[in-house]
Amino acid sequence: MSLFAARRLVKRFGGLTATDHVSIEVEAEEVHALIGPNGAGKSTLVNLISGLLQPDEGTVELDGVDLTPLPSYQRVRKGLSRCFQVTSIFPGATVRDNLLLAAQAHSGSSFRFMAPRNAEAALQDRAHELAVRVGLDKEYDRIAGALPHGAQRKLDVALALAADPKLLLLDEPMAGMGPEDSARMVELIQLLRTDMAILLIEHDMNAVFQLADRISVLVYGRVLTSGTAADIKGNAEVQSVYLGTEVHA
Ligand SMILES: Nc1ncnc2c1ncn2[C@@H]1O[C@H](COP(=O)(O)OP(=O)(O)OP(=O)(O)O)[C@@H](O)[C@H]1O
Ligand SMILES: [Mg+2]
2 MSLFAARRLV KRFGGLTATD HVSIEVEAEE VHALIGPNGA GKSTLVNLIS GLLQPDEGTV
62 ELDGVDLTPL PSYQRVRKGL SRCFQVTSIF PGATVRDNLL LAAQAHSGSS FRFMAPRNAE
122 AALQDRAHEL AVRVGLDKEY DRIAGALPHG AQRKLDVALA LAADPKLLLL DEPMAGMGPE
182 DSARMVELIQ LLRTDMAILL IEHDMNAVFQ LADRISVLVY GRVLTSGTAA DIKGNAEVQS
242 VYLGTEVHA
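Read in order, the letters of the sequence shown are residues 2 to 250 in our numbering.
Okay, here's the thing in structure tokens:
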């Protein structure tokens, strides 16, 4: 059984079916990329998986637990974290304080039996460990909103990691990045993949081909095909959807 499975998800907006019986699975330690042209239904699918939207039909399951009836914050507790493209960052606070807040929010009952001073020290350790993990330890005392775009994206990832996810949902992590920052984000995702499964929605085909074990192509709300990078590059239907542009990269 897969770690994660979305099964036959349907979402209608009035007369438009944005996702039409979409099924997608992610195995433990797998990076599964989701690509597709504008309006294909990628963001709708991410919202259905993370719980921002309720499906009209279908289910979402992680590690044997049916998440479908749960709101977003409870899905996070069950191991499904999502990056929110920087909007989850408190721009006026330091990297440290952003991470302390996130660590505290997800500490649950783990510090309940500690003396307050020990609990505080454990939170400080956890926050610093998250900064080190995404390569932001040098920026630890800087104001988050003043960081360059690439560093803010890393902080966004670190906030998602605070929940210790089994599955990390990354919605266009390379958006707005230059080649150098994109390459660093690829390196970071390569590091993370050893600890968690990743569902990656991304327009940067170089990054997708470098990272993905499996790629699914969404078109008009349906999965057109699923396969390895080689399968997808060689698929004539996919090439015609992209008009022979990006997929040749
Ligand atoms: N809240 C909504 N109300 C009505 N229609 C919506 C809503 N959200 C999305 N849609 C429509 O559903 C379809 C799928 O949109 P979605 O944003 O999921 O696509 P996408 O693959 O993420 O596109 P992009 O690559 O441009 O981000 C589009 O036709 C869009 O106009
Ligand atoms: Mg989108």
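Just so it is clear, CB atoms sit at the ideal spot from N, CA and C, and this is done for glycine as well.
All values reported here derive from a predicted model rather than from experimental measurement.
How about Ala1 and Val220: are their beta carbons less than 8 Å apart? This structure cannot speak to residue 1, because the chain is shown only from 2 to 250.
Since Gly80 and Lys167 are thought to touch, with beta carbons under 8 Å apart, how far apart are those beta carbons, to the nearest angstrom? The pair is a contact, with the Cβ atoms about 4 Å apart (cut-off 8 Å).
Could you check whether the Cβ of Thr226 sits closer than 7 Å to any heavy atom belonging to ligand 1? No.
Regarding Ser44 and ligand 2, is the C-beta to nearest heavy atom distance less than 7 Å? Residue side-chain check: Ser44 places its Cβ nearer than 7 Å to a non-hydrogen atom of ligand 2.
Rounded C-alpha distance that separates Ala161 from Pro56: When rounded, the distance between both Cα atoms is 23 Å.
Which stretch, first to last residue, makes up the alpha helix (DSSP H) that contains Lys139? Counting along the chain, Lys139 falls outside any alpha helix (DSSP H), and DSSP gives it neither H nor E.
Taking only runs of the beta strand (DSSP E) that begin and end inside the region 120–208, which ones reach a length of at least 3 residues, in chain order? Runs of the beta strand (DSSP E) inside the region 120–208: 168–172, 198–202.
Assess, as a yes-or-no matter, whether the region 67–85 is touched by the region 135–144 under the definition of 3 or more beta carbon pairs within less than 8 Å. Touching, no, given that fewer than three Cβ pairs across the two stretches are closer than 8 Å.
Relative to the C-alpha of Lys39, which residue among Asp214, Arg194, Glu173 is closest? Before going on, a small fix: residue 39 reads as Asn here, not Lys. When the alpha-carbon of Asn39 is set against those of Asp214, Arg194, Glu173, the nearest one is in Glu173.
In DSSP terms, what Phe14 is bridged to: According to DSSP, Phe14 bridges with Leu17.
Helix, strand or coil: how does DSSP classify Ser82 here? Ser82: strand per DSSP, three-state reduction.
Enumerate in chain order the residues of its own chain whose CB-to-CB distance from Thr45 is below 6 Å, with the five nearest sequence positions on each side excluded. Take Thr45, set aside five residues on each side of it, and the residues of its chain with a beta-carbon closer than 6 Å to its own are Lys12, Ala19, Thr20, in chain order.
Assign Phe5 to buried or exposed, taking buried as 16 or more other Cβ atoms, counted over all protein chains shown, within 10 Å of its Cβ. Buried, by the Cβ-count rule.
One question on the structure: do Ala7 and Ile36 come within less than 8 Å of each other, judged by their Cβ atoms? In this structure, Ala7 keeps its C-beta atom at 8 Å or more from the C-beta atom of Ile36.
At what residues does the alpha helix (DSSP H) containing Thr45 begin and finish? Where Thr45 is concerned, the enclosing alpha helix (DSSP H) stretches over 43–51.
According to DSSP, simplified to helix, strand and coil, what is Leu68? Coil at Leu68, not helix or strand.
State the DSSP-derived secondary structure class of Phe5, mapped to helix, strand or coil. Phe5: strand per DSSP, three-state reduction.
Does the distance from the C-beta atom of Ser3 to that of Glu30 stay below 8 Å? Not a contact, by the Cβ cut-off of 8 Å.
Report, in whole angstroms, the separation of the C-beta atoms of Leu171 and Ile144, which I expect to be a contact under 8 Å. So it is not a contact: roughly 25 Å between Cβ atoms.
Distance check for Met206 and Pro117, CA to CA, integer angstroms please. Straight-line Cα distance between these residues: approximately 48 Å.
Please confirm whether Leu100 and Ala159 have their CB atoms less than 8 Å apart. A contact, by the Cβ cut-off of 8 Å.
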